[in-house]
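Here's the structure we're looking at; comments come further down.
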Amino acid sequence: MDLTAQIIEAITAWLRTLAAQLLGPALESAGQLLFATPALDSVPEVVQTWSIVRTVTDGLFLILITIAGILVMSSGAGDARYTAKVLVPRLLFAAIAANASLAICGALIRLNNGLVASFVGSEPGSVVMGHLASMVAGGSAVNQLVGILVGLATAIFAILLVVLYVARDLVLLLATVLGPLALATCALPQTDEIARIWGRVYCALLFVQVVQAVLIALAIQLLRRTDWLGGPVSELTSGLVLLTLLYLLFKLPFAAYHWSFRQPLSQSAPVRVTTRALAMVVR
Numbered sequence: 193m194d195l196t197a198q199i200i201e202a203i204t205a206w207l208r209t210l211a212a213q214l215l216g217p218a219l220e221s222a223g224q225l226l227f228a229t230p231a232l233d234s235v236p237e238v239v240q241t242w243s244i245v246r247t248v249t250d251g252l253f254l255i256l257i258t259i260a261g262i263l264v265m266s267s268g269a270g271d272a273r274y275t276a277k278v279l280v281p282r283l284l285f286a287a288i289a290a291n292a293s294l295a296i297c298g299a300l301i302r303l304n305n306g307l308v309a310s311f312v313g314s315e316p317g318s319v320v321m322g323h324l325a326s327m328v329a330g331g332s333a334v335n336q337l338v339g340i341l342v343g344l345a346t347a348i349f350a351i352l353l354v355v356l357y358v359a360r361d362l363v364l365l366l367a368t369v370l371g372p373l374a375l376a377t378c379a380l381p382q383t384d385e386i387a388r389i390w391g392r393v394y395c396a397l398l399f400v401q402v403v404q405a406v407l408i409a410l411a412i413q414l415l416r417r418t419d420w421l422g423g424p425v426s427e428l429t430s431g432l433v434l435l436t437l438l439y440l441l442f443k444l445p446f447a448a449y450h451w452s453f454r455q456p457l458s459q460s461a462p463v464r465v466t467t468r469a470l471a472m473v474v475r
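My numbering puts the last residue of the sequence shown at 475; the count rises by one with no breaks.
What follows is the structure, given as structure tokens:
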């Protein structure tokens, strides 16, 4: 064996080892995050911070009531949006929703986790992803270098998925804590779009996990029955199926984000008004 062949073989062996060492832990970590959302309403630090925000929000309701009274007196009968019959129920609903936001978030999280478990079963997510990886590795042999490159790309996407889901959980945590303030904005017609944006963002980022669970369950079934691919598949084909799956899982939260805002955040009128008000307070 000449020197060039030995170098190529050594590089191939190193890449194979790197892919094997990255792929398993990356898929295991992704599985731990993909199939369950933390019960944020049970975290003491979250509950404590939420209580502080709720107390501040309850104080702000005095300002909202004053604003609502001014709107009722100044609008007269010309604008049906600012009558007491409309604004009083709004204020009551906003106050109840703001004070119950932690319970609402907790119920939504439990519903999401239950729906995810109904699609992928009660096994830990790391076991499900490991099972999926073993099915991919069970294909017939393919060119070593191509298989290694597919394995490395799969590991990279799995790592990116872990980073994305850590960011998602942090956004959900922040949205849970700020829930009272967000839901309080539905007390007035001028600001209720902020509450709608909060609701869409929270539900989209939370329940995107259900869509991802459906995709994973479907992928497992497709890899078990490869007739749709023309019979037994190679390791390359099954690896590309897994790579495509991880790519779709990675893109779905971004699609949910765009759906929830429906327009750039900077173009939302309530957000612009709130930003200007905060800037005036800071000055």
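Where a beta carbon is used, it is the ideal one built from N, C-alpha and C, also for glycine.
Nothing here was measured: the structure is a model prediction, and the numbers come from that model.
In the DSSP assignment, the alpha helix (DSSP H) including ALA231 goes from what residue to what residue?
ALA231 -> no alpha helix (DSSP H), and no H or E assigned at all.
PHE285: buried (16+ other C-beta within 10 angstroms of its C-beta) or exposed?
exposed
Run the CB neighbour count on TRP451, radius 10 Å, all protein chains shown included, and call it buried at 16 or more, exposed below.
exposed
Considering just the uninterrupted stretch of the alpha helix (DSSP H) at ALA289, what are its terminal residues?
276-291
Find the nearest neighbour of LEU397 within the set LEU352, TYR449, ALA409, judged by alpha-carbon distance.
TYR449
Which residues in the same chain as ILE259 place their Cβ atom closer than 7 angstroms to its Cβ, once the five residues preceding and following it in sequence are excluded?
LEU380
Distance, Cα to Cα, LEU364 vs ILE301?
10 angstroms
Quick check: the Cα distance between TRP242 and GLY371, rounded to an integer number of angstroms?
8 angstroms
Can you list, in chain order, the residues of its chain whose CB lies under 6 angstroms from that of ALA218, leaving out five sequence neighbours each side?
ALA347, ALA350, ILE351
Enumerate in chain order the residues of its own chain whose CB-to-CB distance from LEU353 is below 7 angstroms, with the five nearest sequence positions on each side excluded.
ALA222, LEU438, LEU441, PHE442
Note down the Cα distance separating GLY391 from THR209, rounded to an integer number of angstroms.
45 angstroms
Exposed or buried, which one is PHE227 when buried takes at least 16 other CB atoms within 10 Å?
buried
Between PRO462 and the rest of its own chain, which residues show a CB-CB distance below 6 angstroms, the 5 nearest in sequence each way excluded?
Unreliable positioning characterises PRO462 in this predicted model, as indicated by a pLDDT of 47, which lies under 50. The coordinate reading is nonetheless provided below. Within the same chain, PRO462 has close Cβ partners THR383, GLU385, ILE386.
If we call anything under 8 angstroms between Cβ atoms a contact, is LEU294 one with VAL239?
yes
Close Cβ partners of LEU232 (< 8 angstroms) along its chain, the five nearest in sequence each way excluded
VAL238, CYS297, GLY298, ILE301, LEU364, LEU365, THR368
If I measure Cβ to Cβ from MET472 and keep anything under 7 angstroms in the same chain, skipping five residues before and after, which residues do I get?
Any answer about MET472 is weak, because its pLDDT of 49 lies below 50 and its placement is not dependable; what the coordinates show is given next. Closer than 7 angstroms at the Cβ level, and outside the excluded window around MET472, lies no residue.
Cβ of ARG360 within 8 angstroms of Cβ of PRO445?
yes
Straight-line gap, LEU256 to VAL312 (C-alpha atoms, nearest Å)
46 angstroms
In whole angstroms, give me the CA-to-CA distance for ALA411 and ALA287.
45 angstroms
GLY251 by DSSP, collapsed to three states: which one?
helix
Less than 8 angstroms separating the beta-carbons of ASN305 and THR229?
yes
Integer-rounded CB distance, given that VAL402 should sit under 8 angstroms from ALA308:
Looking at the sequence provided, one finds Val at residue 308 rather than Ala. The pair is a contact, with the Cβ atoms about 6 angstroms apart (cut-off 8 angstroms).
Between the Cα of LEU414 and those of ARG246, LEU434, LEU254, spot the shortest distance and give me the residue it belongs to.
LEU434
GLY313 (DSSP reduced to helix, strand or coil)
coil
For LEU470, count neighbouring C-beta atoms within 10 Å of its own C-beta (all shown protein chains included) and say buried if the count is 16 or more, exposed if not.
Low local confidence applies: a pLDDT of 44 at LEU470 is under 50, so the model's placement there is unreliable, with the coordinate-based value given in what follows. With fewer than 16 other Cβ atoms within 10 Å, it is exposed.
Collapsed DSSP secondary structure at GLN382 in the structure displayed
coil
Measuring CB to CB, does LEU375 end up less than 8 angstroms from ALA290?
yes
What is the DSSP secondary structure of LEU364, reduced to helix, strand or coil?
helix
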